[in-house]
Amino acid sequence: MSIAFASRQPAPAWLDALRAALPEESLREVGELSDSEAATVDIAIVADPDPAQLARLTSIKWIHSVWAGVERLVPLARERALPLVRLHDPELARTMAEAVLAWTYYLQRDMRAYAANQRAAVWQPRPYRVPSETTVTLVGLGELGSAAAARLLDAGFRVRGWSRTQKHIPGVECYVGLSVLGTSIAKADIVVLLVPLTPETKGLFNTSTFAAMKRGASLINFARGAVIARDALFDALNSGQLQHAVLDVFEQEPLPADDPFWRHPAVTVLPHISAPTNRRTAAKIVAENIRRYRADAGLPEFVDLERGY
Ligand code: NAP
């Protein structure tokens, strides 16, 4: 029994962190293993792996992702009927909540407009809108969305949230299901996407969703690129229906140098950095999950492969 680590990118820092947290285990990068060694691996720890790497691990009993978003792993886990565990880390939720607050402030305090004004040497104060008159809708109220809601409430914003099942979060107006997505975003000055990418959420933000938003509102996408229908977003930005979009995630990453998002005046491009996994805290959580499994064969909470998250 041994553990293999798989990632598309070379990840020596991950191996170091995981080995430090699991000194009792034999933990090697999948590429270093011979076929016979690969066949003895019973647990795969993965950070955005190539499916071909996992195909070499013919005897794994389960997969532990050190990412929270697992849409690329779901079909593979379903095909092999393997339990898939995603990262649940309060530090990740804290980091994402911080990013949501930071980029909400960026929009609420018109920082993009002041940066443009400085480049043009324009001295022009803009109207100030207090947080208590600024509505933010969180599309997705899971681990990350609910942490963001708490942070925004604490900063005095009006907060609404949308999810698949009913939530009760004091101070947050909670909406459930597709039929009220439009209502949940209609009064928002800022809409923040924090849903997983699933067949139901692919293209969730499309021409009719953008039309349901208040004219001149802004969008923050910290979820996955494909949650937005790209052409509809360009149309909404070009027509002024949307004032600005902060985009951290894209269907193709890295975003190609000739992609029009880079140069669109109403778009802020970020390189998928809103909530990087903290290797130290994540490795500790992975290690605890694996020790519990070694002790009593009990698996941590795993992803619902039918639901897709
Ligand atoms: P989570 O705990 O699984 O929460 C997902 C939320 O989305 C839940 O509230 C869920 O509703 C809702 N949802 C899912 N499908 C829905 C649907 N069809 N209709 C309505 N609501 C739906 O996930 P999380 O940990 O908060 O993470 C969310 C996503 O953030 C990840 O999947 C990943 O894609 C992204 N992420 C991005 C970064 C980054 O750096 N940009 C970092 C980490 C994660 P219920 O609560 O009712 O189930």
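Read left to right, the sequence shown gives residues 733 to 1041 (this note's numbering). Cβ atoms here follow ideal geometry from the backbone N, Cα and C, with glycine treated the same way.
Buried or exposed (CB count within 10 angstroms, at least 16 for buried), residue i
i           : result
residue 888 : exposed
residue 768 : exposed
residue 862 : exposed
residue 917 : buried
residue 929 : buried
residue 891 : buried
residue 970 : exposed
residue 976 : buried
residue 828 : buried
residue 868 : buried
residue 746 : buried
residue 910 : exposed
residue 855 : exposed
residue 802 : buried
residue 740 : exposed
residue 791 : exposed
residue 984 : exposed
residue 852 : exposed
residue 878 : buried
residue 755 : exposed
residue 749 : buried
residue 956 : buried
residue 781 : buried
CA-to-CA distance, residue j to residue i, given in whole angstroms
i            : j            : result
residue 883  : residue 826  : 9 Å
residue 842  : residue 858  : 8 Å
residue 906  : residue 946  : 18 Å
residue 1032 : residue 776  : 14 Å
residue 964  : residue 958  : 12 Å
residue 798  : residue 752  : 15 Å
residue 897  : residue 987  : 33 Å
residue 1023 : residue 734  : 13 Å
residue 822  : residue 807  : 26 Å
residue 787  : residue 848  : 49 Å
residue 989  : residue 937  : 24 Å
residue 902  : residue 864  : 16 Å
residue 913  : residue 924  : 13 Å
residue 850  : residue 860  : 18 Å
residue 844  : residue 837  : 11 Å
residue 908  : residue 1006 : 26 Å
residue 1004 : residue 1027 : 36 Å
residue 1042 : residue 1015 : Lying before the first or after the last residue shown, residue 1042 is absent from the chain, which here runs from 733 to 1041.
residue 793  : residue 915  : 43 Å
residue 766  : residue 783  : 17 Å
For residue i, the nearest candidate out of the options (CA to CA)
i            : options                : result
residue 819  : 1028, 1011 and 1039    : 1011
residue 764  : 807, 1005, 742 and 868 : 742
residue 1008 : 876, 782 and 856       : 876
residue 814  : 828, 789, 941 and 987  : 789
residue 941  : 967, 997 and 745       : 967
residue 1040 : 960, 845, 816 and 782  : 816
residue 830  : 908, 864 and 885       : 885
residue 738  : 913, 770, 866 and 919  : 770
residue 731  : 922, 873 and 912       : What the structure shows of the chain is the stretch from 733 to 1041, and residue 731 is not part of that stretch, so it cannot be assessed.
residue 948  : 792, 758, 806 and 840  : 840
residue 919  : 848, 756, 893 and 990  : 893
residue 933  : 849, 960, 950 and 915  : 960
residue 972  : 981, 997, 926 and 808  : 997
residue 758  : 1005, 773 and 901      : 773
residue 962  : 999, 926 and 927       : 999
residue 926  : 943, 939, 871 and 784  : 871
Supposed close pair residue i, residue j - CB separation, criterion 8 Å
i            : j            : result
residue 779  : residue 760  : So it is not a contact: roughly 15 Å between Cβ atoms.
residue 1035 : residue 796  : About 11 Å; that fails the 8 Å criterion.
residue 835  : residue 1001 : So it is not a contact: roughly 12 Å between Cβ atoms.
residue 804  : residue 1037 : Not really, about 13 Å apart at Cβ, beyond 8 Å.
residue 832  : residue 954  : 7 Å
residue 895  : residue 922  : With 8 Å as the limit, residue 895 and residue 922 do not qualify as a contact, their Cβ atoms being about 18 Å apart.
residue 904  : residue 881  : 5 Å
N-terminal and C-terminal residue of the beta strand (DSSP E) that residue i is part of
i            : result
residue 1025 : Careful: residue 1025 lies outside any beta strand (DSSP E), inside the alpha helix (DSSP H) at 1011-1028.
residue 975  : 974-979
residue 806  : Run containing residue 806: none in the beta strand (DSSP E); it sits in the alpha helix (DSSP H), 806-812.
residue 774  : 773-779
residue 833  : That residue, residue 833, is in no beta strand (DSSP E); its alpha helix (DSSP H) goes 822-840.
residue 922  : 922-925
residue 893  : 890-895
residue 739  : 734-739
Continuous alpha helix (DSSP H) stretch holding residue i: start and end
i           : result
residue 932 : Here residue 932 belongs to no alpha helix (DSSP H), and DSSP marks it neither H nor E.
residue 756 : Per DSSP, residue 756 belongs to no alpha helix (DSSP H) and is neither H nor E.
residue 969 : 962-970
residue 787 : 783-787
residue 917 : 913-918
residue 941 : 939-944
residue 847 : 843-851
residue 875 : 875-886
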